[in-house]
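**Student:** Before we start, here is the structure in question, set down as structure tokens.
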Amino acid sequence: MSAFEAVIGLEVHAQLLTRTKIFCSCAVTVGGEPNTRTCPVCLGLPGALPVLNAEVVRLAVRAGLGTGCTVQSISVFARKNYFYPDLPKGYQITQAELPVCLDGQIVLDDGKVARIQRIHLEEDAGKSIHGDSGTRVDLNRAGTPLVEIVGHPDLRTPDEAVSYLRELRGILVTLGVCDGNMEEGSLRCDANVSIRPIGQDAFGTRVEIKNMNSFRSVRDAIAHEIGRQADVIQDGQAIRQETRLWNADLARTESMRSKEEAADYRYFPDPDLLPLHIDAAWLALQRADLPELPAARKARYQGELGLDARAANWLCEEPPRADAFDRTIADAPELASAFAPFLMTQVQAQLQRNDRPWPEVDAAMPALLRICRKWRAGQLANKMLADLLQTAFADTAQPLPDALAHAESLAGAVVSDVAALEPVIDAVLAKFPGEVAKYRAGQKQLVGFFVGQAMRQLAGKADAQAIAALLADKLDA
Amino acid sequence: MTATAHVEACLSRIAARDGEIAAFLHVDAEGARARASALDAQPDRSAPLHGLTIAVKDNIAVAGQPLTAGSRMLAGYMPPRDATVVARLLAAGAVLVGKTNMDEFGMGSSTELSGFGPTRNPLDVTRVPGGSSGGSAAAVAADMAWAALGTDTGGSIRQPAAFCGLAGLKPTYGRVSRSGVVAYASSLDQVGPLARTVRHVARVYAVIAGRDPLDATSTDEPVSAVTWRADLAGLRIGVAREHLAAAEGLDADVKQRMEAALDALRTRGAVIVPVSLPHTRHAIAAYYLVATAEASANLSRYDGLRYGQRAPNPQTLDALYTHSRADALGKEVQRRILLGTFALSAGFQDAFYQKACRVRRKIADDFTQAWQSCDLLLGPTSPVPPWRLGEKVADPLAMYLMDAFTVGPSLAGLPALAVPVGVDSQRLPIGAQLIGRAFDEATILAVGDVLQRAFDPTLEVA
């Protein structure tokens, strides 16, 4: 196994955030009664013609600009011919030889550059629903606008693949191109995976993996497939060029079809649609309209706000989260480097414990910043903070900002005055004479033990720094 | 005359003759009568086609009337909306009498290849009316409608117009909306009118032409009004040697009528200019590759799943597709789907489909070259007069060769007009073809009007 390296390229389908479908005026919606979000165009009725939705072009161009692609002044729609019940026209309108964007790149967390080959526009098919009484077809999704973003085989590990996908997702969401929801399928990822002996330039036979609907399944499916291919080769067998489906329940890939069964799609330019011309002046306007992209944002978080890489990456993974963070710390940039890890660890832990979704936090960020500020200023002890958050996040009776304010009012004040602390500290020192002797003999780290003992006596509601200062006075005197 | 009287006249012609002619697949007698009486009740008669009857080829959707495109595959299919051209006719006051027979999906040159039986030529019922808009031509020639809509992919308006002694216009590609028109070959298909006179054709054309937001290939080039002329002084009319002097298989009578037409034009002041369209001999091959390639995809939607005919009790999905299509599509349609599928296949696409596209550009370049020395072109529409039913139906290649002069302008996207220029020795009608510059329908209509009246001085100009 260690003698091989993997070669991985991702093909990502992103559903565009348009109000209407790519070639007709039907609404793009999730769900709805089957076959109600349809018209003659997306049903493929005789005589119906596609007319391109301009918003689709704008979003595809944003995706291209956001990934450093060259937007093409002319691109061409093509028909991809195959028969399937959820494909009403018997062909899918896509772009083949001349896609809308070419030659982009994604910068991974570790700074490695993975190239994007192309981005093209296409329509989604409907859905086939297989049941006991046969297969039913729902064409509500037919004609939903997609971009397919095809990466070069530049990735070498499952982690790199996940990093690529996370970064790409962050860009698409930041640009308002796609909502990035992998579970609902608005962002879908296929992986081409091959392995080769380390040191060899030629690629091995590649296998396409489909049906991965989370970052975790992308990582697991690729890791599994690399292992499977290594086993096949070490058994002296050859890899078959094929498409395999990831089965998350059984944690394995399963063969779907081999190359011999692959269709000849007979691509040719769609005569119903004129070549798509993109005007240079309009393109310049689109470029000027781009917001700060995740890479620049991460650099700003680390450079200007002093966040560590982990917190910066974590914030930027969900652009709405980073947007809320930016709004909240706009007037308190000095708190940013404390607030980000506070959100990433304490707040996130509370969400998971109470099974609440992140977007609630975006609205509660001003209250959380206030609490974080108090905590950093010593006005809330660690234990008090933990209790406060636990109380507030467990309270589902009121909106989170209100629950936080309420819990804050119950938390009370931290004990920091000497008169209150001194008797407690004296009692602790009296109770542990052995530890006091060890401390004085040089085991200075025992200060934490004394602080902990004192804090326990004070039910956690004391200023740890004040206790430490008093202890130092008494022990080091 | 009231709309009602006009409609009743048409309906009685249909009742008297359509059993034999079979121009119509569907007659909407009740709808036409109701529409006529509603129009007669209106004080305003100023709409451009007020009360005039129009027959519509059955590959153009009329809401409330069946749409089959001449195919058993679509028997019983009811379209939900009017085609844009139909909506425009109705807005212009026209009365729609029914849907006309055609070669299945437009694939044929004689209307013998309809899934519902052939149409006969009203001028000689032993002969074909031409195709694929043969039902539309026959309906007008038999006075069953004042005018008709046809569609033309490689000659399907012009050739039946010529065979039935009518005028018929294939507009510039992009001039008329294809929305609601069953596609045969999308880069070639155009809707156009057939009528007794060029002036009638021009009236219908003026109503249906113009940009449609539902068809991305329709253009907003302005539609200029026709200036009718008394003479042709200053006009240069090109004659391609490949269409006349050096044309293969050209009937002697047809050639003689073209010489007569050129004499008539010369007499009225036109200058006749010899030109060459050197790629003409490749036009049929290029046309039958491009058209069938596009058709192979356009007809994939007829899979028996959502509408149309479905084979009973298929055991597998493949069997459902195969049997539904094999049972319900005619042999010529299956032949063209197979040809087009082959032309697009991996390993063959460059040698067939893409080479045909390159030839298509050469053919368009030939016309561009010709416009250096002339304003329009004249030649025959069909190399021969209307043939007898059954004469060519067993020989597809012989039938394809009949399109020799019409497919060139189709591939180049140019407007072309069939104009009656008298009859041959057997009193069969012969039509000339005028080919114009892109979007210059006005010139070929004006010249066509002069030409038609040269051969029929009694023709009313209204």
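Heads up: the sequence lines are chains A and B, in that order. In terms of the working numbering, the first sequence has 196 at position 140, counting the first letter as 1, and numbering is strictly consecutive. In terms of the working numbering, the second sequence has 53 at position 44, counting the first letter as 1, and numbering is strictly consecutive. For every residue, glycine included, the Cβ atom is placed at its ideal position computed from N, Cα and C. Only a predicted model underlies this, so the values are computations on that prediction, with no experimental measurement involved.
List in chain order: all unbroken beta strand (DSSP E) runs of 3+ residues lying wholly within the region 122–206 of chain B.
**Tutor:** Runs found: 156–161, 176–179 and 199–204.
**Student:** Output needed in chain order: residues of the region 354–365 of chain B with a Cβ under 9 Å from some Cβ in chain A.
**Tutor:** Answer set for the region 354–365 of chain B: Ser354, Ala355, Gly356, Gln358, Tyr362 and Gln363.
**Student:** Spell out whether any CB of chain B is found under 8 Å from the CB atom of Asn137(A).
**Tutor:** True, the Cβ-Cβ gap to chain B drops below 8 Å.
**Student:** Return no unless some Cβ of chain B is closer than 8 Å to the Cβ of Pro90(A).
**Tutor:** By this cut-off, Pro90(A) is not an interface position.
**Student:** Find out if the Cβ-Cβ distance for the pair Gly349(B), Ser382(B) is shorter than 8 Å.
**Tutor:** Not a contact, by the Cβ cut-off of 8 Å.
**Student:** On the DSSP letters alone, give me the boundaries of the alpha helix (DSSP H) that Lys183(A) sits inside.
**Tutor:** Premise fails: Lys183(A) lies in the beta strand (DSSP E), Lys183 to Gly187, not in any alpha helix (DSSP H).
**Student:** Nearest chain B C-beta to Lys77(A) closer than 8 Å, yes or no?
**Tutor:** Judged by the 8 Å Cβ criterion, Lys77(A) is not in contact with chain B.
**Student:** Nearest-angstrom Cα distance between Val65(B) and Arg118(A)?
**Tutor:** So the alpha carbons of these two residues sit roughly 46 Å apart.
**Student:** Could you tell me if Lys179(B) is buried or exposed, where buried requires 16 or more neighbouring beta carbons within 10 angstroms of its beta carbon?
**Tutor:** It counts as buried.
**Student:** Which complete alpha helix (DSSP H) runs does the region 405–438 of chain B hold, if anything under 4 residues is left out?
**Tutor:** Listed in chain order, the complete alpha helix (DSSP H) runs (minimum 4 residues) inside the region 405–438 of chain B are 405–410 and 416–421.
**Student:** In this structure, does DSSP put His176(A) in helix, strand or coil?
**Tutor:** Reduced to three states, the DSSP call for His176(A) is strand.
**Student:** Can you tell me where the alpha helix (DSSP H) with Phe60(A) in it begins and where it stops?
**Tutor:** Unbroken run through Phe60(A) is the beta strand (DSSP E), Phe60 to Gln71; no alpha helix (DSSP H).
**Student:** Just to make sure I have the definition right: I need the residues of chain B whose C-beta is within less than 7 Å of the C-beta of Asp328(A). Which are they?
**Tutor:** Per Cβ cutoff of 7 Å: Ser195, Ala225 and Thr226.
**Student:** Within 10 angstroms of the Cβ of His186(A), are there 16 or more other Cβ atoms? Answer buried if so, exposed if not.
**Tutor:** Per the 10 Å Cβ criterion, exposed.
**Student:** Is the CB of Met57(A) under 8 Å away from at least one CB in chain B?
**Tutor:** Bear in mind that the predicted position of Met57(A) carries a pLDDT of just 45, short of 50, making it too unreliable to give a figure here.
**Student:** Does any residue of chain A bring its CB to less than 8 Å from the CB of Pro222(B)?
**Tutor:** Output row for Pro222(B): interface = yes.
**Student:** At the 8 Å Cβ level, is Pro321(B) part of the contact set with chain A, yes or no?
**Tutor:** Not one chain A Cβ lies under 8 Å of Pro321(B).
**Student:** Mind checking Val86(A): buried by the 16 CB within 10 Å criterion, or exposed?
**Tutor:** Flag for Val86(A) reads exposed.
**Student:** Nearest to Gln343(B) by CA position, among Leu132(B), Leu386(B), Asp312(B) and Phe376(B), is which residue?
**Tutor:** When each option's Cα is compared against that of Gln343(B), the closest is Asp312(B).
**Student:** What residues of chain D sit near Pro96(A), judged by a beta carbon separation below 7 Å?
**Tutor:** Going by chain labels, chain D is absent from the structure shown, which instead holds the protein chains A and B.
**Student:** Count the other C-beta atoms from every protein chain shown that fall within 10 angstroms of the C-beta of Arg212(B), then say buried if there are 16 or more, exposed otherwise.
**Tutor:** By the neighbour-count rule (16 or more Cβ atoms within 10 Å), Arg212(B) is buried.
**Student:** Answer with yes or no whether the minimum CB distance from Pro201(A) to chain B is below 8 Å.
**Tutor:** Chain B contact via Cβ: absent.
**Student:** State the Cα-Cα distance for the pair Ile172(A) and Ser250(A), rounded to the nearest angstrom.
**Tutor:** If I take the Cα positions, the gap works out to 18 Å.
**Student:** Can you tell me whether DSSP reads Glu39(B) as helix, strand or coil?
**Tutor:** Of the three classes helix, strand and coil, the one that applies to Glu39(B) here is helix, per DSSP.
**Student:** Quick one, which of Tyr86(B), Ala146(B) and Leu420(B) has its alpha-carbon nearest Ala31(B)'s?
**Tutor:** Checking every option, the nearest Cα to that of Ala31(B) belongs to Ala146(B).
**Student:** Quick one: residues in its chain with C-beta nearer than 6 Å to the C-beta of Met57(A), no 5 flanking neighbours on either side, listed in chain order?
**Tutor:** In this predicted model, Met57(A) has a pLDDT of only 45, less than 50, meaning its place in the structure is not dependable enough to derive any value.
**Student:** Note down, in chain order, each residue of its chain lying with its Cβ closer than 8 Å to the Cβ of Pro375(A), except the 5 sequence neighbours on either side.
**Tutor:** Result list for Pro375(A): Gly226, Val229, Thr230 and Pro350, in chain order.
**Student:** I need the boundaries of the alpha helix (DSSP H) containing Ser465(A), first residue and last residue.
**Tutor:** First-last of the alpha helix (DSSP H) with Ser465(A): Leu456 to Ala467.
**Student:** Using a Cβ-Cβ cut-off of less than 7 Å, list which residues of the region 296–314 of chain B approach chain A; keep chain order.
**Tutor:** Listed in sequence order: Ala302, Glu303, Ala306, Ser309, Arg310, Asp312 and Leu314.
**Student:** Taking only beta-carbon atoms, is Arg322(A) less than 8 Å away from chain B?
**Tutor:** Yes, because at least one Cβ of chain B sits closer than 8 Å to the Cβ of Arg322(A).
**Student:** Is the beta carbon of Ala41(B) closer than 8 Å to that of Leu105(B)?
**Tutor:** Yes. Within cutoff.
**Student:** Which partner residues of Asn137(A) appear in the DSSP bridge assignment?
**Tutor:** DSSP, once it has assigned bridges, lists Tyr147(A) as partnering Asn137(A).
**Student:** Would you say Pro413(A) faces chain B, with C-beta separation under 8 Å as the test?
**Tutor:** Output row for Pro413(A): interface = no.
**Student:** Hey, quick one: how far does the beta strand (DSSP E) through Arg245(B) stretch, first residue to last?
**Tutor:** Counting along the chain, the beta strand (DSSP E) containing Arg245(B) begins and ends at Arg245 to Ala249.
**Student:** Quick check: what's the CA-CA separation for Leu298(B) versus Gln290(A)?
**Tutor:** If you take the alpha carbons of Leu298(B) and Gln290(A), they lie about 50 Å apart.
**Student:** Determine whether the beta carbon atoms of Glu61(A) and Arg212(A) lie at a separation below 8 Å.
**Tutor:** Yes.
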